[in-house]
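In what follows, a single structure is set out as structure tokens and then discussed.
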Amino acid sequence: MQPVSIEDPNSARRHDPIGLAVIICTYHRPQLLRQTLDSLSRQTVPQDLRPSVYIVDNSDDGSAADVVAAAAAASALPMRWLAAHPANISVARNVGIGATDEAFVAFIDDDELCESGWFEAVAQALRATRHDVLFGRVIANFENPDLPSGAVRQLFARELDRADGHELYAFGPDKNASISLATCNSIFRRATTLTDDVPFDASFGVGGGEDYELFCRLQRRGRSFGWLPGAIVREYVPAARCEGRYLRRRFYAGGQAYAAAIARNSDNRQRTRWILRLKALAQGLLLLAQAPRAAISGRKGFADYFYRWAGILGKLSFGGIYPLYRRDES
Numbered sequence: 000m001q002p003v004s005i006e007d008p009n010s011a012r013r014h015d016p017i018g019l020a021v022i023i024c025t026y027h028r029p030q031l032l033r034q035t036l037d038s039l040s041r042q043t044v045p046q047d048l049r050p051s052v053y054i055v056d057n058s059d060d061g062s063a064a065d066v067v068a069a070a071a072a073a074s075a076l077p078m079r080w081l082a083a084h085p086a087n088i089s090v091a092r093n094v095g096i097g098a099t100d101e102a103f104v105a106f107i108d109d110d111e112l113c114e115s116g117w118f119e120a121v122a123q124a125l126r127a128t129r130h131d132v133l134f135g136r137v138i139a140n141f142e143n144p145d146l147p148s149g150a151v152r153q154l155f156a157r158e159l160d161r162a163d164g165h166e167l168y169a170f171g172p173d174k175n176a177s178i179s180l181a182t183c184n185s186i187f188r189r190a191t192t193l194t195d196d197v198p199f200d201a202s203f204g205v206g207g208g209e210d211y212e213l214f215c216r217l218q219r220r221g222r223s224f225g226w227l228p229g230a231i232v233r234e235y236v237p238a239a240r241c242e243g244r245y246l247r248r249r250f251y252a253g254g255q256a257y258a259a260a261i262a263r264n265s266d267n268r269q270r271t272r273w274i275l276r277l278k279a280l281a282q283g284l285l286l287l288a289q290a291p292r293a294a295i296s297g298r299k300g301f302a303d304y305f306y307r308w309a310g311i312l313g314k315l316s317f318g319g320i321y322p323l324y325r326r327d328e329s
């Protein structure tokens, strides 16, 4: 009689390749998108990972289709072009999610390049992590490195001197103020995070903050976020995005989105929104007292002072979120 082998029924499942959908939303950035796709195609893919790349074209004319077709023909990675209308980043993200069924979903921006080892770092983390969303490192690559101030460098980068798996928070006393959680270079566990019919709220889709609102929603539901420093991307920042006019608009819209996201994920939206306005008013009074010091802090320090004012005014505002993306389509 042959011996009977009793195996763990879950052992095969544990060794199945992990399905990973890499979603890239794009809008009239053919050259940058081409470089992003090339950076993914050059990666080494671990045997325990099964990635596919989905490019969601949010333009009206399907301008990314030819770029994707050329990249797919030259790449070993499966690549698929998708159309999303109207032009709204939330709509684009939701189209990408709806077209995929992989267990994990990653978002990479169309102006980001994945560093060597990105797939390997992600695969290793997905095998070991308990977190529902992972956030990788983002290094800002400025077209003109002399332009950005301290606040601007922090705006475009995600740098944190913490160990792999360090707990992150979207809001609350444990939130690390030195970084902002955003979908760029993030990985979601589908079963616990992308369960709503429409994960990203379209009302944030022309001004930004749709990702932050989702993270607030997920944290409120008890989901956990983790730091993944080994998954690195470099984000290209054109000189135009370091100009004061653009940055004041961006910080203003950011203040609006922050207040709206926090209020929507509270027990009493209206009361919370007024509390946030009162806090912003107090912040403004404190900032006003710092005006003399800001005036002698140099050009970049003085610019940062006004960016902080823009964020405060956004929190104080009563209108809808400023349509930043439609005014800045570079």
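Residue 0 is where the sequence shown starts when you use the working numbering, and the numbers rise one by one after that.
Glycine residues also receive a C-beta, built at the ideal position from the N, C-alpha and C atoms.
Counting along the chain, Y251 sits inside the alpha helix (DSSP H) bounded by residues G243 to R263.
Annotation for F187: the continuous beta strand (DSSP E) segment containing it runs S185 to R188. Looking at H27, Y26, L48 and V52, the one whose alpha-carbon comes closest to that of S38 is V52. Cβ-Cβ separation between K314 and L275: approximately 6 Å, consistent with a contact (criterion under 8 Å). In this structure, the beta-carbon distance from Q282 to I311 falls below 8 Å. When A98, G61, A86 and H84 are compared, the shortest CA-CA separation from D196 is found for A98.
According to the DSSP assignment, G149 belongs to the alpha helix (DSSP H) that extends over G149 to F155.
The beta carbon of I178 sits closer than 6 Å to the beta carbons of R157 and L159 from its chain, once the five residues preceding and following it are set aside; these are given in chain order.
Counting only runs of 4 or more residues that sit fully inside the region 92–173, the alpha helix (DSSP H) segments are 117–127 and 149–155, in chain order.
Counting of Cβ neighbours within 10 angstroms places W273 among the exposed residues, the total staying below 16. Between G229 and A120 a beta carbon distance of about 4 Å is seen, short of the 8 Å cut, so the two are scored as contacting. By the Cβ criterion, the region 229–241 is not in contact with the region 197–206, since fewer than three pairs of Cβ atoms, one from each stretch, lie closer than 8 Å. Restricting attention to Y306, Y245, A169 and G319, the CA atom closest to the CA of N264 is found in A169. By the C-beta density criterion, G319 is exposed, having fewer than 16 other C-beta atoms within 10 angstroms. The region 291–302 makes no contact with the region 181–193: fewer than 3 CB pairs, one atom from each, lie closer than 8 Å.
Per DSSP, reduced to three states, the secondary structure at Y235 is strand.
Only buried fits Q255, as 16 or more other CB atoms lie within 10 angstroms of its CB. Annotation for A139: R152, F155, A156, E234 and V236 place their beta carbon closer than 7 Å to its own, counting only its chain and skipping 5 residues before and after. Distance between L32 and F106, taken at the CA atoms: about 13 Å. Scanning its chain for C-beta atoms nearer than 6 Å, with the 5 sequence neighbours on each side dropped, one finds around T271 the residues A262 and S265, in chain order.
The beta carbons of I17 and A102 sit about 6 Å from each other, so the pair counts as a contact at 8 Å. In this structure, A83 places its C-beta atom within 8 Å of the C-beta atom of V94. Taking a C-beta distance under 8 Å as the contact criterion, L323 and R248 qualify as a contact pair. Counting along the chain, the unbroken beta strand (DSSP E) around P50 starts and ends at L48 to D56. No Cβ-Cβ contact shorter than 8 Å links A258 with Y321. Under the three-state reduction of DSSP output, R307 falls in the helix class. Cβ-Cβ separation between F118 and L48: approximately 6 Å, consistent with a contact (criterion under 8 Å).
R222 carries a coil assignment under DSSP once its states are collapsed to helix, strand and coil. A direct Cα-Cα distance of roughly 7 Å separates R188 from V104. Secondary structure at I22: strand, using DSSP grouped into helix, strand and coil.
Look at P29 here: in three-state DSSP terms it is helix. According to DSSP, A82 shares a beta bridge with D56.
Between the alpha carbons of V55 and L76 lies a distance of about 16 Å.
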